[in-house]
Structure formats: structure tokens, C-alpha cells
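Student: Below: one structure in C-alpha cells.
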Amino acid sequence: MEPALIFDLVLLLILIGLAWLLLASTDLFRAVVLFIAFGLLLALAWVRLGAPDVALAEAAIGAGITGALLLVGLGRLGSTERCRFSRAPLTFLQRLSAPVLVGVMIPSISLILLLEVHQLAGTTPGRQGLINAFLDVSGSGHGVTAVLLNFRAWDTLLEKGVLLLALITIWSLDQARPLFHQEDISPQLMGLARLLLPLVIVVAGFVLWQGDQAPGGAFQSGALLSAGILLAILVGYSLPQRWQGLSLRLLLAIGFGVFLLIAAATLLYSGYPLQYPEHLAGSLILLIELVATASIAALLAAAVVGGHPPDDLSTPAAKAPSTSGRR
Amino acid sequence: MTELIVQQNWFVWMTLLPLGAAVATFLAPGQARWIGLTTALFLPFCALAAIAATVFSTAQPLTVGNWPTPLGIELRTDGLALVMLAVTALVGFIISCYALGYFPPRQHHLSRTHYFWPLWLFLWGGCNALFVSGDLFNLYVTLELVSLASVALIALEGGKAALAAALRYLFIGLLGSLAYLLGVGILYATYATLDITLLGEIISDSRLNHAAMSLMIAGLVLKSALFPLHFWLPQAHTMAPAPVSAVLSALVVKAAYVVLLRLWFEVFPALDTLAIGHLLGLLGCVAIIWGSLMALRQERLKLLIAYSTIAQIGYLFLVFPLARGEAMAGAWVGGVLLMMTHACGKAAMFLMAGTIHHTAGSDRISRLAGAGGPIGVQVVVFTLAAATIIGLPPSGGFFAKWLFINAALATGQWWYIAIILSGTLLAAAYIARVLGWAFLDVKRSSYPVIPWVMKWPPLALSVIALVFGLIAYAPVQIALIGAPVSVPLLVEFGP
Amino acid sequence: MNTVSLYAGSGIILFSLGLHALLIRRHLLRKILAANIMGSGVFMVFIAMGARGESGVADPVPQAMVLTGIVVSLCFTAVAIVLAVRINKLTGCTTLAVDEESSID
Amino acid sequence: MNDLILLAILSSSLLPGLIIFTLPEQSVRLRTILNLGGAGVKLLLVAVLFLHVAQREYAELRLPLLPDMELVLRADALSLLFLTLSAFLWLLTTIYAIGYLEGSPHRSRFFGFFSLCVSATTGIALSGDMVTFVVFYEMLTISTYPLVVHRGTPAALHAGRIYLAYTLGGGVVLFFATVWLRAIAGPLDFRPGGVVSALDPTLYGSLTIIFALLILSLGVKAALVPLHIWLPNAMIAPAPVSALLHAVAVVKAGAFGIIRVIHDIYGINFSVELNLLFPLALLAAFTVIYGSIRALSQNDLKRRLAFSTVSQVSYILLGVTMATPLATIGGLVHLVHQGVMKITLFFCAGNLAETLGIHKIDEMDGVGRRMPWTMAAFTIGALGMIGLPPLAGFISKWYLGLGGLAADQPWIVLVLIGSTLLNSCYFLPVLHRIWFVQPRQNWPPSALRCGRETTWALLAPPLITAFLVVALGLLAHSFGSPLYWVELIAAREYGL
Amino acid sequence: MLLSDLITTLLLICSLPFFLAGTLGLLRFPDLYCRLHALTKADNLGLGLVVLALMIQADSWQVVIRLLLTWLLVLVAGATVAHLIARKAQQDGHQPWRR
Amino acid sequence: MIELYISLALILLLTIAIGLVRVLRGPTATDRMLAAQLFGTTAVAILLLLGQAGGNTAIWDVALIFALLAAVAAVTFVRRKDIDTTTET
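Protein chains in written order, with the working numbering: chain F, 397 to 723; chain E, 110 to 604; chain C, 483 to 587; chain S, 588 to 1083; chain R, 183 to 281; chain W, 51 to 139.
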């Protein structure tokens, strides 16, 4: 057996074990930490499968956003199952569905898959060839970027919509509350932030820029930036007042908005949505990526903060200190 | 000028416009109502233009970015897409008007008003994108867009029950779409294409494809709340604000069903689906009976209406066992017709329930007693919409059931007839219960004034729902454009 | 036995594990984690399938789709957490077992 | 002639109805204008159509419903018979209802559904095929329910539930039977001689079952025993509703449907061939006798009238099932005559209730002195029902009897005689009470000008219909009279 | 085998004990404060050796800088996090382990 | 050489597996967090090795991002407001 295969095997065993442990764990904090580890190893799996773009995204999200989201959420929720009301017994259907699904359906489907996928392996080549054929007119030198922002840009457009929608949902649900203890920011932490933040910006720019030729792109870059913003929030930076109203909303919406405008413009111009003129394709993709990065960064950070800004619309008497931070 | 109108790809605009308006309402919350209403007003015209363009055969399906299909995403202008766009536009417009009254500009929950519009426009845009999508993965994205927007709208009510319903709905949506997505992954692995048309041409009857199909169907069945996977629906549809309940019952449940129709008739016709068809049909039957019986037991109007939705969804799933051989077209058209009528009728009912709640302070059915005066109109609304739900003519539900029974006769599946007929009687029973309260004359202290935008939209919807059967010819003809089935709808069979 | 079926199979297993937990676990955060694990399983099937063919050259389409999927599931996670927190704040519950009676009026 | 007139006739009641729903309760004047205007326009249009059809210019309008299904509106002689009756009586009933409901709540709702109901009846009359018939027939069900329960009392709601249960149950059966028939026989246009006679003999079994189902379902509205329970219960409704709907629209819709099925779907000859009619004739005869006997013991005036309706409607069926021209003429003409007579009686009953609060027969002692005009109309109606020559009722019974003899079924005559005796038994004592018994109490004197017994809106309609009862009997053989018309229909049906 | 490969191999093999030591420390050290050592010292040194090994294989300065940057970042992060965790532990009232 | 890189990566992976025991055993939340932090470092090493083995420098970017964001989760953990952090098993 080759070491590579053993590596895969071990990796998968650990992943499955982790999933099992974290889902079965009674202590939720432990579950969250295990989930962070799970994300870490998942990135390794993506690397092993030759999908560095996905690995980059997983790294940026898993190491930064998801961990923060879950930890913050856990902090606000508490880790034990609590309910004032008497614990409603599982309904008959619930009780039935779990064994039926897990005991009968899933194994049978898995069995079919395992049997047949084995036959499949190495048969169909995928769409690599077709994509390569069109790559030079796509405006991007990297397959994944070309697919995301040109061939299947419609998906990406809607996905940006989902992001904005998620934020609007979060804002509609709650008001932002302070994420952390105000007092007591140690100088070491400040130092770390001062060192990391410029680096985060540089690396984010690098990831964005190289998305044209190599793995990387708006989402990875945006996720990285948002982790930076989070760090900034965590060490006490806060958003200047003038950045909280329309400007903030503009920043959040600009990625989706510009993408939509481009779709509309191309639809008017050529009759096909998102059919970029060939000589403009590169620039348009770059433009979309730039604004998308900015929006994604802001959106993800705002999602972790979890609520609308205190000055937003409904509560004129904003008194809570600003929390959604960005320098 | 006509050139310009006809040559525009209106069905694409119907996705872009509401999404753009959603962004605009997010950016300018103060103007949200007007932006929203203008968009809502504009979309029915877009739908008409899209239909005109397709009927006069200038609009063709197109791929995004004009890339050839295995590479690009196909947007379709077939009949199913067009009628769903149109029905959504119509119902959406009326619901938007209603929402103006339901979410008045100045009230304590000011933010609710402001957040309703972007969320609703997102939902609308997502639905439209879903209807025109011809790509399996794109369908996943649109499904998620729709279900996230629905979650948000349910949660907008703000109460703990609403939030719990929203979160449960979120999990259900996630579960459903992940199962669907897994199926998509398997199909892509085999055929390296996600285009519905292409897949339909090359797919073969293999175990792997069956696994993919089962996963996808299971996911969508969960999202469209077929018994026994309906458990999430009553709470979700009941706890939401009234216009949202209307949207959810009228449109969102149908969105998953439309995808299911597309899969069944366009992707998987080559597969041997007899057993699954019968299973879905059987569950549909149980849903009809169970939903109706549960509706009969409810004390709250909205819950009753929600359970009625479950029963009606059951009818929709009869399409799958009935649509075979010669009866294919009849059953398919029956499903589409029922979907359209039910959208109007159910929306009218939920809006009416919202108005009752608004005026009477509760939507307990017993509060309907003495429903004279300002809410007398709502009793009319309920009666007319009831005709639709029971399936009385001239509503479309009547003709849909006609087509189903005809298909059942033609395919020799008699037991479905018994279910359809007894479902009709059960529907009449639970409707009659409400009517009994609504017509009961007792003295009531005066009701608060209902804003006119909450009074007339339900009536308009119920009238449309009632006469839908009479004007169904054009919608059905449009639905048959590029449909996977062809006429005749009514099969005659000899001895 | 090869790499692709190994990963694809693991993806299915992760999916099933997540599904099981999503159905039977009560704590909201745990349900959220379960949904994420399910998603990861699905994505793994995608990527594994895309990784077939000549070594190293992966099909970009599944990767693009998975990127989209990751974003979507992240959005759902974020919303779910905020919802859960909100429910907890209103009811003091960390489960969905809101008593049915209170939901009536 | 433009075929769109058919659509105009339909919408002349449908549109006012829909508009009335949206009117606020206070706008009495607008509502009255809409009501009377609609009724007037409809009567005018029907008159135009009548003249055309009399000259054998049949109008037909086909509107596509679904790719293989059409809404067929056709005006032939039979439809005109029913249409004229309902259009004319609608106008009268509208006037009556405006007077009757003055000042009561929910009038927008009432008149809205009232108009819908008339539209449905019109649609039934104009239906050119079975599908269209079913559409309007079922529409009638849902639009009548709000009228039955209009009073909103628990008793009314109970009656409404019974009504819905019977009619919707019947509706479902009708629906199924029609779909089945459509599936084996193709398009079901109403055609003299029927459309199913050419079918394969192996289908005869199915056809018999379908016929039974059709009769079963249509018999609900036609109040065939034992499906008649809803009718006496529904008498809880306001008088105009009982008058128009339960004397004319609903029960006649059922009878009309049965006529259509026997004449224009199965065809008389084919029905005879399949032996479908005799059982139906027995059932009808039983209903005639049973209804009369039950009427005897009713003390509530409207309930007595209701059981009388049960009995009288089956005369129509009796005539149709004899399958001879004369009997058919008797049955069909009774459709009109019974309608006119019965509506007179209901109007009068309504006047009694509205003016003096009288509901029971034993409260009617000497009421003829207080309300002479109303009671005169009542008397004419009652005598017509009994079949006293030369009133309208006599004409129908005469032809029915002749038809029975022509069909070699003399027992029919026995049934008629028995029924007539029973009719006399339950009407004559009432008349006696009205005119010859001393009033037990003093009724409050009329507050109206010149001591008129009640308002014009309530008084005029029964007087007009009472006049008609006489006129239809006396002028039975003149052009345009129901009898003349019915003879045309029978001639066409039997190919004479 | 090239000299560079040889050195790389040697360095990599040398790094191994550090990682193992780090893990062992994490597992076996008696309390939080001790375990922090594993985080800050052993693994970072191991990583340093790996980075060094790979730097030898690098064909451009760019790569070398990238590798170095990665290592430095890990170092800084590790140090700061160790500090923060220690402080938090102290605030939470964890007593250092005593024999 | 490639075998060497992969083998080394494999061993590092195994150390992670062993380190998981600490996450499971705790006893305090801080201990678990600490272990996760350590995994980060090891994962960076694995990624570097895999990148070298596969000749794909994009993988090093992943490593770089891991290194950059290594602190975020831990800092969140330390600074967040919470109800109960010290859950004992």
C-alpha cells in the first residue's frame, strides 16, 4: 500500500471519528472544538483531492469565521440542553424516521453508491476539456474562477444574493450585542492585531489577485478579510459613526448590487445575462471580484456580530456601544 | 417599440428586478414600501410580456452568458416556467398590496416593516429564478434562496413560536436540499452535466441513477411537505405573519413541487419509476385523508388552512402514479392546474385569516361568529375560496380533479378515485365547519376599522381562484408549450 | 479500492452521521453542527467525483459548485445560530421543544 | 343573432352579484339599482332570445375550458323553458326580497349570493353539454348555502349543514358519474336522441351504473325520496330564498338535469331499451304520494309547502319517465306551472310571516280578513296545486294522465288521483281556516296608507304570479305559452 | 541522491521528535500551564525544521519568503495565544500544578 | 522524496489523532482550545509537506491562511462574552 493511500485512509478515519465524537459529545464546547478540528482536517482532505480552491475557502472559513460563529453562539446559548417546559417526548414519526432513514435507506443508498462508484471511478472525464476550450475567452486564466464568474456566474450571482439575504435575516432578528468584554485588552493582543491586520490585508489582496490564474478569488479573500475584521473587533476597534448608516449598508450590498447591475446591463446589451463582451471580460470579472470581496468581508463579519447595528432604523435611541467594527 | 418589448428576455428580468429591488429596499428602508409596490406592480406586466414573447415565438430558452449547455446554465421559457412566473406575479402583487396594510409604516415594530420588503422581494426573485432554471445545481441555489427567505419571513413575526417554527423550517430546508444536492452530485459524477434537457436525453436506468433519484425526490418531498414529512408545515405556515403564510402556502411549497415535476417528467422518464410513483401516490392519498381529518379538528383558522394545504399537496402527488401512458398529459396538466388554482385560493384564505386576526384579535374559528359588519366581506372571501379548495366548479380545482379521475379511469387505478372523492367530501366538511361559525349571527362589539388594502386583496384573489376554471384554457395552453407531455388530456377508452 | 471511492464513501458516511444527529439531537447548536457535517459529506462526494480522471487535474465545475455550497451552508449556519440565540433569549430553551400550548395564542 | 347574447344573459346576473359583494351595507340605492337593473336586463335579453328560438334560431356558444373540454352554452327550446321561468321569477323575487329584507343585516352578502345563485340557474338552463351542466349545477350548491343559513341562527346553520351534506354528496357522485361517462362516451353534448346509444354493447353495464349514479345525484336536488330530507329543513331560510330557490331554482335544477340526462344524453329510446325508466317512474310515483302524506301532518306552513314541493316535483319526473309524448308534455309543462304556483304560495307565506308573524297553520284562522289580497293569491295557488280546472295545475295533471294511459300504464292515473285527493286534504282545510274561521286574536291594523295590508314590494309579486296561474290555465293553447312551447320540445324529442 | 535532498531528509526526520514531543506533552503534562509549553515550543520548533527543510528545496526567493512568513506567523500566533490562554486560565482560577 | 514527505505528513496526522485525546479528556474548555491550537500548527506542517509533495504551491497558500488565522478562534474564545465556559466532563 502506498503511503498516500494510507494517508487518505487515516485522514478519513479521523474525520469520520471526529464527526461521530462531536455529534455524540455531551459537552457542547468539546463538540465545537472538535468541529474546528474537523474543519482543519477537511481542508487537508480537499488538498488531497486536488481542490486547493475549496481548501483555501475551508481554511479561511473553518479557521476564522465558523469557529468564531460557533464560539460566540455557544457563549450566548450555553452548552446544556435547557428547557423550562417539560421535555416533549419524541413524536412517533420522529422515533420512526430516524431508524428507518439511518437504518434502511441510507445504508442501501450507500451500498449502491459504494458498489457503483467503484465502477465509475476513472470513467467520465468531467468537463475539464470543455472548460479549457473556452478558458481563453472567459476572462480568467483559472478554471474554477472562470466557472464561478463566467460559465456558471448565474449560480454565483444568486449565491451572493443568499449571502446578503442571510445578513438581512440576521439583522431582522436581533440587535447587535457586544461580542466581548470591553475592559482589559492586553498589550500582547494589541500587538498581535497590529502585526496581523496589515498582513491579512496583504494576503487577502494576494489571494484575490491570484484568483485570476491560480486557486483563490473573491470568496476566499473576503473570508480572510472578514476574519481580520473580526480580529479587529475582538481587540476593540470600532466602526466610526459615519460608517454605520447608509455607508455600511452600501458596503454590504455592493457586491451583489454590482453583480446584478452587470447582469442587467449585459442582458440589455446582448440579450443574454452575464454575457461579457470578450474584451471586457477580464475587467468585469475583476470588478465583480473586488466589490464581492469587500461585501463578503463585511457580510461575514457582520454575521458573526449577529444583529443589526444599534442605530439601525427602529431604535432611534442608540445607546449601546458600537460593535460592528471596521477600521 | 414592439420589437424592443418582444425581444427583451422578460423572464430573466423577472429574476433580476425583484432582486435589484430587494437591494434597493435594503439600502433605502424608508422608501421600501414604494419600491416594493412598484416592483410588484411591474412584475405582472413582465410576466405578460414574457408570455407574449414566448407565444409569438421570439423568446427562446437561453443559457446564461450564451455558453453552450453542458457548460452554461440554461434558463427556460417553457410553459411550466411561464405559468408559474405569471401566477407568482399575480398572487405576489396582490399579497404585496395586502402587506402594505398588514405592515403599516408607523407602528412599534417599525423594523418589521422595513425588513419585510427586502426579504419578500428576495423570496419572489428566488422563486422566479427557480421556475426558469434548467440546471440541477442552479435549482439547488435557488431552492436555498427561497427557503432562507422563507425562514426569515416566518421569523419576522417575532414570537417564540414563530422563531421555533422558523428554525425548524430552516433545518428541514437544509436537510431537504442537502439530500437533493447529494443526488445532483451523483448524477454529475456519472454524466458530467447538470442540464435537465441533456440529462433527460442520456440518462439510463441504472442502480446509481435510482439512488440519485431517490435522494433528490426525498429531499424535495420533504420540502414540499408530503405526508409523513409534513410535520413542520402547520407550525411554519401558522406562526408566520399573514401575508407570509399566504406566500408560503401558495408559492413556496409549490416551488419544490415544480422542481419535482421537472425531475420526474424531464430528467427521469427513462427510469423505471413505477414503484416510486405508487409510493408517492400512496403517501399523497394518506396526506389527503390525514390532512383533511386534522383540519377538521383544528380550533384555529390558520391551522385549519395549513392542514388543508397538506391535503392539497396530497392531490399534487397523485400526478406521479397517474401520469403514465396515455393519461400522462391529463395528469400533468391536472397537477399544474391544481397548483395554480390552489395558489390563488389558499393565498386568499390566509389573507382572509390575517384580516380576521387583525380585527377580531384572534384567529380562533369561534371568533368568526357574528362576523358581520366590516368583516362580512371576509366571509364571502372564505366561501368563494372554499369552493376552490373543495374543488367545486368553476374553480380550477374542479377541472384538476376531473383530469385526475379521468387519468385514474384510463389507467385503471380506481382506488385513487375513491380517495379524491372522499377527500372532496372531507374538505367540504372542514370548510362547512368554518362556514357554520362564520354565518352564525351573534351580537359583537364593534370591530376596529380594517384598512382597505387588507379588505379587497383577499376578495380579488378568491374571485380569481373561483373563476380560474373558466379561464383556464389559456394558462393550460401556455403550460403545454414545450411541456414533456402532449395532448389529448382526456383519454377515451373503450370496453 | 481507490482514492475516489474512499472519499466518496466517506462522504456518504459523514452525510449519514449528520443526518442521524440532525434528527435525534435536541440541542440547537448540535443540530447546526450536524447539518454542517451533512453538508461536508455532500461536498466530499462532489469533490471526490471531480477528482477522477488523470491524476491531479480536477474538474473545476464541482469545485466551483462546492464553493457555492460552502457559502450557502455558512449563511444557513449563521442565520441558524442567531435564531437559536434569539429563541434561547425568549424562552430560555436551547431546544425546539417549545410547548405547544403557548404557541396557540 | 349574435351568440354572445348567451354570455350577456349569464353576466347580467353574475356581474351585479360580484359588484354587490363589494358594496357597503349602507348603499341601499345602488344595490337596488344593480339588482333590478340586472334582473330587468336579463329578462329583456331572455325575451329577445325567446323570440329567436321560437323561430328555430338556436344560439350556441363554445368557450374552451381545457384543451379537450369546452363550456358549451346553447339555447334550445327546453333551455328557454327553464330560462324564461327563472328570469321572470327572478325579477319578481328580487322585488319581493328588497321589500322583505328591508333593514335587516348582511344584505350585500345576501344579494351577492342571490345573484350568483341566479347566474348558476341560468347557466344550468343554458348548458349545452354535460360538463357545462355539472359546472353550473355545483356552482348552485355553494352559492345557495349562504342563503339557506342567512339568518345565522343555530337552527339555520343546522339546516345549512344538512343541505351541504346532501347536495355536496350528490355533487361528488354527479361529478364522478360525469367523468366516467365522459371517459367512455367522449364529448357529452346535449342532443335530441342522446349521445350514448351508439356505444359498444359491452358498455351497457357501465352505462346502467352511470345512469343510476346520475339519477342518485340529481335526485338529491330534485328531492326524490329518500334524498329529500334537506328540503323541509332548508325552509328555515328567508321567504324569498324559499320561494325562488326551493320552489324553483334548486329543485327544478335537479329535475331539469334528469330531463336532460334522459332526453339528451341517453335518449328516450335508448333509455327504454336499457329499461332505465321504469324504476325511476316507480320512485317518482312513490315520492309523489309520500310527499303528499307527509305534508298532511305539517303544522308549519312552509314545511307543508316544502313537502308539497317534494311531491309536485316528482310529477315532472313521472311525466318524463312515461316515455310518451303526452306524458312528456305533462311533465315539462308542470316544470313551469308548478314553479309559478309554488312561488305564489311561498310569497304569501312570506307575507304572513313578515307582516303578522304567522308561521303555523293553526295561527291562520280568519287571516283572509286582515290580508284579503294575499290570501286571494294564496287561494288561487292552492287550488292550482290541487288541479282545479281551469287553473295551471289542471293542465299538467290532465296531460300526465293522458300520457299515462297512452303508455299503457293506468296506475299512473291512480297515483294522480290519489295525489290530487291528498293535495285537497292538505290545502282545503287551510283555505277553510283562512276564509271561514273566526280570527282568534286581533291583528294590529295596518300602518300603511289607505290601510293597505302590506307594502307593494311584498304584495305585487304574489298577485302577479297568481294572475299567471289563472292565465296559464286559461290561455294554455296560445302562442308562447308553456304548453305551446312544451309541445315543440316533445315533438322534437320524439321526432314527430 | 542530491545533497539538498539529503539535508532535507535529515531535517525532516529531525523535526519528527519535536512534533511527537509536542503531542506527548499535550497528553501527558499534568496541567494547563505545562501543556502550554507543548504549544509554544515543541511544535513550533518542529515546524521550523520542516520549513527549513523545504526552503532548501525551494527554487526561488519568493517561496522561501512565503515559507518563512508562514513559520513566523505560526510563532507569533502561538506565543500570543499561549499568553492569552494562560491569562484566562489564571483569571478563571486555575492553580498551577505542583508536585 | 515524495514518499518521504507523504510519510512524514502521515505521521503528523497520527500525532493529531493522538492529540485528539486531549480534546476529549479536557478537563477544562481551555485545555480543549489549546489542543485545537496545536492541531493548527501541525496542520500547517502537513500542508507544507503535501504542497511540496504535490508540487502545488497553492497548497502553501492554504497553510499561510491557516497560520494567519490560527489566532482568531483562540482569541474569540478568550475574549467572548459567555454564559458558561468551564464545562467539566
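Every residue, glycine too, gets a C-beta built ideally from N, C-alpha and C.
Just so you know, these numbers come straight off a predicted model, no measurement behind them.
With a threshold of 7 Å on Cβ separation, who are the neighbours of Ala130 (chain E) within its own chain once the five nearest residues in sequence on each side are excluded?
Tutor: The count along the second sequence starts at 1 and reaches residue 130 (chain E) at position 21. The answer, listed in chain order, is Ile144, Gly145, Thr148, Leu230.
Student: Is the stretch 788-800 of chain S close to the stretch 641-654 of chain S, with three or more CB pairs under 8 Å?
Tutor: Not touching, per the Cβ criterion.
Student: Quick check on this structure: which residue in C:Ile495, C:Thr573, C:Cys575, C:Ile569 has the alpha carbon closest to the alpha carbon of Ala275 (chain E)?
Tutor: Indexing the second sequence from 1 puts residue 275 (chain E) at position 166. Minimum Cα distance to Ala275 (chain E) is reached at C:Ile569.
Student: For Phe459 (chain E), tell me which candidate among E:Leu570, E:Gly443, E:Arg277 has the shortest Cα-Cα distance.
Tutor: Locating residue 459 (chain E) in the second sequence gives position 350, counting from the first residue. The candidate whose alpha carbon is nearest that of Phe459 (chain E) is E:Leu570.
Student: Going by other Cβ atoms of all chains shown within 10 Å of its Cβ, with 16 needed for buried, is Ala494 (chain E) buried or exposed?
Tutor: The residue labelled residue 494 (chain E) in the question sits at position 385 within the second sequence. Burial call: buried.
Student: Cβ of Leu591 (chain F) less than 8 Å from any chain R Cβ?
Tutor: Taking the first sequence and counting its residues from 1, the one referred to as residue 591 (chain F) is at position 195. Yes, contact with chain R.
Student: Taking only beta-carbon atoms, is Pro1069 (chain S) less than 8 Å away from chain E?
Tutor: Translated into positions along the fourth sequence, residue 1069 (chain S) becomes position 482. So, not an interface residue.
Student: Would you tell me roughly how many angstroms separate the C-alpha atoms of Ala355 (chain E) and Gln344 (chain E), rounded to the nearest one?
Tutor: Translated into positions along the second sequence, residue 355 (chain E) becomes position 246. Translated into positions along the second sequence, residue 344 (chain E) becomes position 235. Each residue's alpha carbon lies about 14 Å from the other.
Student: What are the start and end residues of the beta strand (DSSP E) that includes Val659 (chain S)?
Tutor: For the purposes of this step, residue 659 (chain S) is identified with residue 72 of the fourth sequence, where counting begins at 1. Segment 656-662, the beta strand (DSSP E) holding Val659 (chain S).
Student: Is Ser1006 (chain S) buried or exposed, if buried means 16 or more other CB atoms sit within 10 Å of its CB?
Tutor: Stepping through the fourth sequence from its first residue, residue 1006 (chain S) is reached at position 419. Buried.
Student: Go through the stretch 764-808 of chain S residue by residue and report every complete run of the alpha helix (DSSP H) that reaches 4 residues or more, in order.
Tutor: Counting whole runs of 4 or more residues, the stretch 764-808 of chain S contains the alpha helix (DSSP H) stretches 791-808.
Student: Are Phe934 (chain S) and Ala830 (chain S) touching if we call contact CB-CB under 8 Å?
Tutor: Your numbering for residue 934 (chain S) matches position 347 in the fourth sequence. Your numbering for residue 830 (chain S) matches position 243 in the fourth sequence. Taking 8 Å as the Cβ cut-off, Phe934 (chain S) and Ala830 (chain S) qualify as a contacting pair.
Student: Could you spell out where the beta strand (DSSP E) holding Leu650 (chain S) opens and where it closes?
Tutor: Residue 650 (chain S) sits at position 63 when you count from the first residue of the fourth sequence. Element bounds for Leu650 (chain S): 646-653.
Student: Rounded to whole angstroms, what's the CA-CA distance from Leu254 (chain R) to Ser242 (chain R)? Just pull it up for me.
Tutor: If you number the fifth sequence from 1, residue 254 (chain R) lands on position 72. If you number the fifth sequence from 1, residue 242 (chain R) lands on position 60. Spanning the two alpha carbons is a distance of roughly 19 Å.
Student: Whole angstroms is fine: what's the gap from Leu731 (chain S)'s alpha carbon to Gly454 (chain E)'s?
Tutor: For the purposes of this step, residue 731 (chain S) is identified with residue 144 of the fourth sequence, where counting begins at 1. For the purposes of this step, residue 454 (chain E) is identified with residue 345 of the second sequence, where counting begins at 1. Position check: residue 731 (chain S) holds Thr in this sequence, whereas Leu was assumed. Taking the straight line from one Cα to the other gives about 20 Å.
Student: Using the C-alpha atoms, what's the distance from Leu505 (chain C) back to Phe377 (chain E)?
Tutor: By 1-based counting over the second sequence, the position of residue 377 (chain E) is 268. By 1-based counting over the third sequence, the position of residue 505 (chain C) is 23. Roughly 29 Å separates the two Cα atoms.
Student: State the CB to CB distance for the pair Leu152 (chain E) and Pro177 (chain E), rounded to an integer number of angstroms; the pair is presumed to be in contact (CB under 8 Å).
Tutor: As a position in the second sequence, residue 152 (chain E) is number 43, starting the count at 1. As a position in the second sequence, residue 177 (chain E) is number 68, starting the count at 1. Not a contact, Cβ separation roughly 30 Å.
Student: If you draw a straight line from the alpha carbon of Ala871 (chain S) to that of Leu191 (chain E), how long is it in whole angstroms?
Tutor: Taking the first residue of the fourth sequence as 1, we reach residue 871 (chain S) at position 284. Taking the first residue of the second sequence as 1, we reach residue 191 (chain E) at position 82. Each residue's alpha carbon lies about 53 Å from the other.
Student: Can you grab the Cα-Cα spacing for the pair Ser333 (chain E) / His924 (chain S), in whole Å?
Tutor: Walking along the second sequence from the start, residue 333 (chain E) turns up at place 224. Walking along the fourth sequence from the start, residue 924 (chain S) turns up at place 337. Cα-Cα distance, rounded: 56 Å.
Student: Determine whether the Cβ of Leu452 (chain F) lies closer than 8 Å to any Cβ atom of chain W.
Tutor: Counting from 1 along the first sequence, the entry for residue 452 (chain F) is found at position 56. It does: the Cβ of Leu452 (chain F) has a partner Cβ on chain W nearer than 8 Å.
Student: Given this structure, state the Cα-to-Cα distance separating Leu786 (chain S) from His451 (chain E), to the nearest angstrom.
Tutor: Your numbering for residue 786 (chain S) matches position 199 in the fourth sequence. Your numbering for residue 451 (chain E) matches position 342 in the second sequence. If you take the alpha carbons of Leu786 (chain S) and His451 (chain E), they lie about 37 Å apart.
Student: CB Thr931 (chain S) to CB Ile967 (chain S), shorter than 8 Å?
Tutor: Taking the fourth sequence and counting its residues from 1, one reaches residue 931 (chain S) at position 344. Taking the fourth sequence and counting its residues from 1, one reaches residue 967 (chain S) at position 380. Going by C-beta atoms, Thr931 (chain S) is nearer than 8 Å to Ile967 (chain S).
Student: Going by Cα to Cα distance, which pick from E:Glu183, E:Met437, E:Leu254, E:Leu342 is closest to Gln169 (chain E)?
Tutor: The residue labelled residue 169 (chain E) in the question sits at position 60 within the second sequence. Looking at the Cα atoms, E:Glu183 is the closest of the given residues.
Student: Cβ of Asp241 (chain R) less than 8 Å from any chain W Cβ?
Tutor: As a working note, residue 241 (chain R) is residue 59 in the fifth sequence. Taking Cβ atoms only, chain W never reaches closer than 8 Å to Asp241 (chain R), which makes this a no.
Student: Closer than 8 Å, CB to CB, is Arg130 (chain W) near chain R or not?
Tutor: Residue mapping note: residue 130 (chain W) aligns to position 80 of the sixth sequence, counting from 1. No, Arg130 (chain W) lies away from the interface with chain R (no Cβ there is under 8 Å from its Cβ).
Student: Per the contact definition of three or more C-beta pairs closer than 8 Å, is the stretch 905-913 of chain S in contact with the stretch 871-883 of chain S?
Tutor: Yes, the stretch 871-883 of chain S is in contact with the stretch 905-913 of chain S.
Student: Compare the Cα-Cα distances from Arg142 (chain E) to each of E:Ile305, E:Tyr289, E:Cys206 and report the closest residue.
Tutor: To locate residue 142 (chain E), count along the second sequence from 1; it is residue 33. Of the listed residues, the one whose Cα sits closest to Arg142 (chain E) is E:Cys206.
Student: Output yes if chain F places a C-beta closer than 8 Å to the C-beta of Ile68 (chain W); else output no.
Tutor: Taking the sixth sequence and counting its residues from 1, one reaches residue 68 (chain W) at position 18. No, no contact with chain F.
Student: Select from E:Val543, E:Trp523, E:Ile529, E:Leu535 the residue whose C-alpha is nearest the C-alpha of Val490 (chain E).
Tutor: Mapped onto the second sequence, residue 490 (chain E) falls at position 381. The option with the nearest alpha carbon to Val490 (chain E) is E:Val543.
Student: With distances taken from CA atoms, which of S:Ala914, S:Ala1044, S:Ile1051 is nearest Gly991 (chain S)?
Tutor: Numbered from 1 along the fourth sequence, position 404 holds the residue referred to as residue 991 (chain S). Minimum Cα distance to Gly991 (chain S) is reached at S:Ala914.
Student: Quick check: is the beta carbon of Gly129 (chain E) nearer than 8 Å to any beta carbon in chain F?
Tutor: Along the second sequence, read from residue 1 onward, the residue named residue 129 (chain E) stands at position 20. At least one chain F Cβ lies under 8 Å of Gly129 (chain E).
Student: How long is the line joining the alpha carbons of Gly535 (chain F) and Glu674 (chain F), rounded to whole angstroms?
Tutor: Your numbering for residue 535 (chain F) matches position 139 in the first sequence. Your numbering for residue 674 (chain F) matches position 278 in the first sequence. Taking the straight line from one Cα to the other gives about 7 Å.
Student: Counting along the chain, where does the alpha helix (DSSP H) carrying His319 (chain E) start and finish?
Tutor: Locating residue 319 (chain E) in the second sequence gives position 210, where the first residue counts as 1. Looking at the DSSP string, the run of the alpha helix (DSSP H) that includes His319 (chain E) is 316-332.
Student: Using the Cα positions of Val540 (chain F) and Gln524 (chain F), report the straight-line distance between them to the nearest angstrom.
Tutor: Here residue 540 (chain F) is taken as the residue at index 144 of the first sequence, counted from 1. Here residue 524 (chain F) is taken as the residue at index 128 of the first sequence, counted from 1. In a straight line, the C-alpha of Val540 (chain F) is about 10 Å away from that of Gln524 (chain F).
Student: Using a C-beta cutoff of 8 Å, does Thr497 (chain E) count as contacting chain S?
Tutor: If you number the second sequence from 1, residue 497 (chain E) lands on position 388. Chain S, which has no Cβ nearer than 8 Å to the Cβ of Thr497 (chain E), makes this no.
Student: Which of the three DSSP states, helix, strand or coil, is assigned to Glu454 (chain F)?
Tutor: Reading the first sequence from its first residue, position 58 is the one you call residue 454 (chain F). Glu454 (chain F) falls in the helix class under three-state DSSP.
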